[in-house]
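To convert, note that position 230 of the sequence shown is 404 in the numbering used here; the numbers rise steadily by one, no gaps.
In what follows, a structure is listed as structure tokens, so that the remarks can point back to it.
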Amino acid sequence: MSYDDMSGRRVKSMEKSTRKLSMFGPRPAQKSLAHELIERMTADITSGKLTPGEQLPTEQELIAATGVSRTVVREAVAALRAEGLVVTRQGVGAFVADKARRPFRIDLDERRTLRQMLQVMELRTGVEIEAAGLAAERGTATGKKRMEAAYDAVQSAIKRGENGVDEDFAFHGSIAAAADNPQFLRFLEYLGRVIIPRQSVNVSGLRSPAAQGKYLEKIQNEHLDILDAIRGCDVKQARAAMRRHMLNSRNRYQKMAEQLGK
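Laid out in structure tokens, this is it:
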């Protein structure tokens, strides 16, 4: 929404506007500009620094305070509005929603420890078990070929001495896609590649390169069990194989958490 033609009528005093702008100092160059601005404004709203009904700074004020472009500001406000944190009034501006509440999400900060990673894995378990069963029941020949290609890509990454995180995520994504329900794939894509534990948690001090290779081979054996069950259209076995894989992964990382005291 454009704020260029706003009447300029302010519902808050200049003093209050100045206070609000102090929350949005110049930003460091790290994440995408819009993403960082969204995070900062969301934090101020959900923490109560910006109260329900309070007007946000204007586009020009945000641009001056943060150094970002008008496009970035508009993208951030649009995202906050889409999440129900902000409402806009034509010709007036943007305001904190009366019942602003942050929607469910899993932030990167919540994936830093092994125990937190285990919580995310528990969340995935039920979804991926059902996705595997539906893939066995509904999977097409094309979908199964994609799963096979994704499995082979993991194997190739292991042979190259890589951790195969992207390939592992793609394998799980191919199963979700084969379930013939786009919500399964959307769920995994929402969580993203960082849900693969070896991507999210530094375990380099616990595994030698040889041990890491054996660990990845063990994962591949579990992947193969899932793939074979889906290729064989065995719904029950596909669910069982995915359950074993998810539970085994959780058990492996549970042991690491105990080792590290996390």
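C-beta atoms are modelled at their ideal positions from N, C-alpha and C, and glycine is treated no differently.
Since we're looking at a predicted model, the values are computed, not measured.
Close Cβ partners of residue i (< 7 Å) along its chain, the five nearest in sequence each way excluded
i	result
F358	V301, A305, A350
A412	A306, G307, A309, A310, I400, A403, I404
T215	Thr is not the amino acid found at residue 215; the sequence shown has Met there. Only A250, L254 meet the Cβ criterion.
D340	R367
M416	E302, I303, A306, I400
Three-state secondary structure (DSSP) of residue i
i	result
G199	With a pLDDT of only 49 at G199, under 50, the local geometry of the prediction cannot be trusted, and the value read off the model is given with reservation. The answer is coil: DSSP assigns G199 none of H, G, I, E or B.
A268	strand
L254	helix
R426	helix
E311	helix
D408	coil
L292	helix
K223	coil
I370	coil
S243	coil
R418	helix
G300	helix
G317	helix
R248	helix
R413	helix
E322	helix
E235	helix
Buried or exposed (CB count within 10 angstroms, at least 16 for buried), residue i
i	result
G347	buried
A203	Its pLDDT being 41, under 50, A203 is placed unreliably in this model, and the value from its coordinates should be taken loosely. Exposed is the call here.
S423	buried
G313	buried
T240	buried
R149	No statement about residue 149 is possible, as the shown extent of the chain runs from 175 to 436 and does not include it.
E342	In the sequence under discussion, the amino acid at residue 342 is Asp, which differs from the Glu named in the question. So D342 counts as buried.
A238	exposed
Y427	buried
G222	exposed
A352	buried
Residue i - partner residues in DSSP beta bridges
i	result
Q229	F269
R263	G267
For residue i, the first and last residue of its enclosing beta strand (DSSP E)
i	result
R437	Nothing about residue 437 can be read from this structure; the chain reaches only from 175 to 436.
Close beta carbons around residue i, own chain, < 8 Å, minus the five adjacent residues each side
i	result
T262	M175, V251, R255, A268, F269
M295	I369, P371, M420, S423, R424, Y427
Boundaries (first-last residue) of the alpha helix (DSSP H) holding residue i
i	result
S348	339–352
G387	383–405
L211	207–220
Cutoff 6 Å; reference residue i; Cβ partners in own chain excluding five residues on either side
i	result
L224	D218, V270
A344	A324
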